[in-house]
Amino acid sequence: MEFLEIEWCTPLYQEALDLRHCVLREPLGLKLTAEELDGEYAELHFGLRNGSEKLAAVVSAKPLTSSSVKLRQMAVAPDRQGEGIGAKLLAEVEASLEQRGYTQFQLHARETAIGFYEKVGYTAIGETFTEISLPHRKMVKPYDGV
């Protein structure tokens, strides 16, 4: 699997948006809106793909401070789920972000994904809240210095 940093407003970015829509919005009868995409030019976008195949997984990172970042819009292609691709993508993204000085990671996880994030070192904090009509929890992962 090839780890990629995806530039905003490129054909690969559009492919990432298509995957996000397919996995995260379409099953809920929703679409990604211009309001949701506003500001993505200032975020970092990452993906994994196998050679020239379509993207298998994507995630975006929104810098919050000089040392903390919020991971968002994580999506793995339905036909690739359960293969460990999501965990691989997170490991690659975290390593890339650590090289840039980010040491604190957070995200909003759908309740159905909490177990996955716990397996890769995230801890749920705070109360459950609703986001895009689904229950979520805030999760954090401190820097382990590795």
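Following full-length UniProt numbering, the numbering of the sequence shown begins with 1 at its first residue and continues without gaps. Where is the CB? At the ideal position from N, CA and C, for every residue including glycine. Being a predicted model, the structure only gives us computed values, none of them experimental.
task: Give me the Cβ distance between GLY101 and SER67, rounded to the nearest whole Å; I'm assuming they're in contact under 8 Å.
output: Correct: roughly 6 Å between the Cβ atoms.
- prompt: What span of residues does the beta strand (DSSP E) with PRO135 cover, start to end?
  reply: Run containing PRO135: 134-142, per the beta strand (DSSP E) assignment.
message: Buried or exposed, going by whether 16 or more other CB atoms sit within 10 Å of the CB of LEU64?
response: By the neighbour-count rule (16 or more Cβ atoms within 10 Å), LEU64 is not buried but exposed.
- prompt: Would you report the Cα separation of VAL120 and TRP8, rounded to the nearest angstrom?
  reply: Approximately 27 Å between the Cα atoms of the pair.
message: Let me check understanding here. Comparing Cα to Cα, which of LEU12, LYS138, LYS62 lies closest to GLU36?
response: It is LYS62.
- prompt: Grouping DSSP H, G and I as helix and E and B as strand, with all else coil, what is GLN81?
  reply: In the structure shown, GLN81 sits in coil (DSSP, three-state: anything other than H, G, I, E or B).
- prompt: How many Å lie between PRO142 and THR103 at the Cα?
  reply: Approximately 7 Å between the Cα atoms of the pair.
- prompt: Counting only runs that start and end within the UniProt domain "N-acetyltransferase" (1-144), where is the alpha helix (DSSP H) found for 4 or more residues in a row?
  reply: List check, alpha helix (DSSP H) in window: 11-20, 34-37, 85-99, 114-119.
task: Taking only the alpha-carbon atoms, compute the straight-line gap between LEU19 and ILE6 and give it to the nearest angstrom.
output: The straight-line gap from Cα to Cα measures roughly 13 Å.
message: Am I right that LEU48 and LYS88 are in contact with their C-beta atoms under 8 Å? What's the rounded C-beta distance?
response: At roughly 6 Å, the Cβ-Cβ gap stays under 8 Å, so LEU48 and LYS88 are in contact.
task: Please go through the same chain and pick out, in chain order, the residues whose beta-carbon is closer than 8 Å to the beta-carbon of THR123, but skip the five residues on each side of it.
output: MET139, VAL140, LYS141.
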